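Since the structure comes first, as structure tokens, the remarks are kept for the end.
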Amino acid sequence: MNQASPIEFLVIQEILRRRLEYQENRLYKTILMEPKQ
0 MNQASPIEFL VIQEILRRRL EYQENRLYKT ILMEPKQ
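Residue numbers (our numbering): 0 to 36.
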């Protein structure tokens, strides 16, 4: 298993963070759009 360079590691971290933020935003919008019973 070859080690990723620090720059690659930072890029991967950033991509994962943005994907997580995007999923959270979609989840919040879905919850907010649901009509309250």
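Think of the CB as a built atom: it goes at the ideal place given N, C-alpha and C, for glycine as much as any other residue. It should be emphasised that the depicted structure is a prediction, and the values quoted were computed from it without experimental measurement.
In angstroms with no decimal places, state the Cα-to-Cα distance between K28 and R17.
16 Å
Can you tell me the Cα-Cα spacing of F8 and N1, whole angstroms?
12 Å
Reducing DSSP to helix, strand and coil, say where E13 ends up.
helix
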